[in-house]
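Report on the structure given below.
2 protein chains.
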Amino acid sequence: MNTNPTTISAPAGTPYISVTREFDATPAQLFRVQTDPEFVPQWLGPRDLTMTIHEYDVRPGGSYRYTHKSADGEEYVFRGVFHTVDTDTLVIQTFEFEGAPGEVCLERASYEKTDTGVRLHTHSVFPSVESRDAAVESGMEYGINESMDRLAELLAKEEES
Amino acid sequence: MNTNPTTISAPAGTPYISVTREFDATPAQLFRVQTDPEFVPQWLGPRDLTMTIHEYDVRPGGSYRYTHKSADGEEYVFRGVFHTVDTDTLVIQTFEFEGAPGEVCLERASYEKTDTGVRLHTHSVFPSVESRDAAVESGMEYGINESMDRLAELLAKEEES
Chain R
102 MNTNPTTISA PAGTPYISVT REFDATPAQL FRVQTDPEFV PQWLGPRDLT
152 MTIHEYDVRP GGSYRYTHKS ADGEEYVFRG VFHTVDTDTL VIQTFEFEGA
202 PGEVCLERAS YEKTDTGVRL HTHSVFPSVE SRDAAVESGM EYGINESMDR
252 LAELLAKEEE S
Chain C
102 MNTNPTTISA PAGTPYISVT REFDATPAQL FRVQTDPEFV PQWLGPRDLT
152 MTIHEYDVRP GGSYRYTHKS ADGEEYVFRG VFHTVDTDTL VIQTFEFEGA
202 PGEVCLERAS YEKTDTGVRL HTHSVFPSVE SRDAAVESGM EYGINESMDR
252 LAELLAKEEE S
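Quick mapping for you: the protein sequence lines, in order, are chains R and C. One gets the working numbering by counting positions in the first sequence from 1 and adding 101 to each. One gets the working numbering by counting positions in the second sequence from 1 and adding 101 to each.
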């Protein structure tokens, strides 16, 4: 199983959150599980939330919307639009938690082939430092770490099958 | 004619550009000329460029794309997607100059009623300070000032008619 570390960077006083993680997979394999709505609910978010996709139209100008539901019935809805979708290379999309309307951030995910696999690098930029800080304080780091580990597990499982 | 000042703010070391301008119009009048593709080519950009709209679908999930052409035939193409469209209140959209692909920024425009008219406030956030600086150095300030003046002229003309 892939046990590569996840590096999360959120420098104080900036509106950014960056994440880097390497996977033992090809860019095409990683891109597929990250963008295919059949796979997305299997890795996106913490393990204790159940994800339901309402829309996931991965193309420039396409929209997405999904709900994360906790065991005690709490629901968190997220939505956005895809600006750039370059297969196996680059995705740029907006992201909004509907519980904090108007605090929209822009996320960029790039896929880089390495000697042993693929390096995922994401860069999110928020409208303000305060907005970024609020996202960090909401437990985003925990969600990112679990998402990246689940992604590695899913890739390992897909490779076996 | 409206001669209110345009305030442009781009603090050093940040990825932001903010613009504030008041207009002698209602939020509904300003929102209409800012979003209706019939009016947009009449104010968006410097006076010496001719704007052609290829797509301008102002709704959440809608896309836009347009070309600015100079007198000597130089063409500049821009595109993006609308994330939020709250009539007369708030628009959040992505923005990319196709000549600098991948340098996508997120723009927020809000409309606030004042005692004498409406205050437009825009806040753009770039993926990095370098990307913001490059936009500023490209002459963005000149384009913003002319756009805001043209917008005031268009609103005055529409009010007369």
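For every residue, glycine included, the Cβ atom is placed at its ideal position computed from N, Cα and C.
Status (buried if at least 16 other CB within 10 Å, exposed otherwise) for residue i
{"i": "E197 of chain C", "result": "buried"}
{"i": "E123 of chain R", "result": "buried"}
{"i": "D164 of chain R", "result": "Strictly speaking, residue 164 of chain R in this sequence is Ser, with Asp absent from that position. With 16 or more Cβ atoms within 10 Å of its Cβ, S164 of chain R is classed as buried."}
{"i": "A113 of chain C", "result": "exposed"}
{"i": "A210 of chain C", "result": "buried"}
{"i": "A201 of chain R", "result": "exposed"}
{"i": "T104 of chain C", "result": "exposed"}
{"i": "S225 of chain R", "result": "buried"}
{"i": "V219 of chain R", "result": "buried"}
{"i": "V182 of chain C", "result": "buried"}
{"i": "G162 of chain C", "result": "buried"}
{"i": "H155 of chain C", "result": "exposed"}
{"i": "T195 of chain R", "result": "buried"}
DSSP state of residue i mapped onto helix, strand, coil
{"i": "R148 of chain R", "result": "coil"}
{"i": "D216 of chain R", "result": "coil"}
{"i": "P201 of chain R", "result": "What sits at residue 201 of chain R in the sequence shown is Ala, not Pro. Here A201 of chain R sits in coil by DSSP."}
{"i": "S232 of chain C", "result": "helix"}
{"i": "E208 of chain R", "result": "strand"}
{"i": "E176 of chain C", "result": "strand"}
{"i": "T188 of chain C", "result": "coil"}
Segment limits, beta strand (DSSP E) that includes residue i
{"i": "G244 of chain C", "result": "Counting along the chain, G244 of chain C falls outside any beta strand (DSSP E), though it belongs to the alpha helix (DSSP H) covering 242-261."}
{"i": "T223 of chain C", "result": "219-226"}
{"i": "S164 of chain R", "result": "164-171"}
Spatially closest choice to residue i from the options, by CA coordinates
{"i": "T168 of chain R", "options": "R:A126, R:P106, R:V141, R:L255", "result": "R:V141"}
{"i": "R133 of chain R", "options": "R:L191, R:P228, R:R233, R:D173", "result": "R:L191"}
{"i": "T107 of chain C", "options": "C:G114, C:A113, C:S119, C:T115", "result": "C:S119"}
{"i": "D149 of chain R", "options": "R:E260, R:S229, R:Y243", "result": "R:Y243"}
{"i": "P138 of chain R", "options": "R:A129, R:A235, R:V159, R:Q130", "result": "R:V159"}
{"i": "T115 of chain R", "options": "C:A253, C:P228, C:R251, C:A235", "result": "C:P228"}
{"i": "C206 of chain C", "options": "C:E231, C:T188, C:K214, C:Y212", "result": "C:E231"}
{"i": "Y287 of chain R", "options": "R:S171, R:A257, R:F179", "result": "Nothing about residue 287 of chain R can be reported from this structure: the residues present for chain R run from 102 to 262 only."}
{"i": "G146 of chain C", "options": "C:H155, C:S171, C:K214", "result": "C:S171"}
{"i": "E261 of chain R", "options": "R:A236, R:Y117, R:Q130, R:G240", "result": "R:Q130"}
{"i": "L256 of chain R", "options": "R:G240, R:A126, R:M241, R:L221", "result": "R:A126"}
{"i": "T136 of chain R", "options": "R:T185, R:Y177, R:D173", "result": "R:T185"}
{"i": "I109 of chain C", "options": "C:E254, C:K258, C:N246", "result": "C:N246"}
{"i": "G203 of chain C", "options": "R:G203, R:E208, R:D234", "result": "R:E208"}
{"i": "T121 of chain R", "options": "R:S239, R:D250, R:D173", "result": "R:D250"}
Heavy atom of the ligand SAM within 7 angstroms of residue i beta-carbon
{"i": "V205 of chain R", "result": "This structure lacks the ligand SAM; in fact it carries no ligand of any kind."}
Ranges of the beta strand (DSSP E) found wholly within the region 110-162 of chain R, counting only runs of at least 3:
117-124, 150-157
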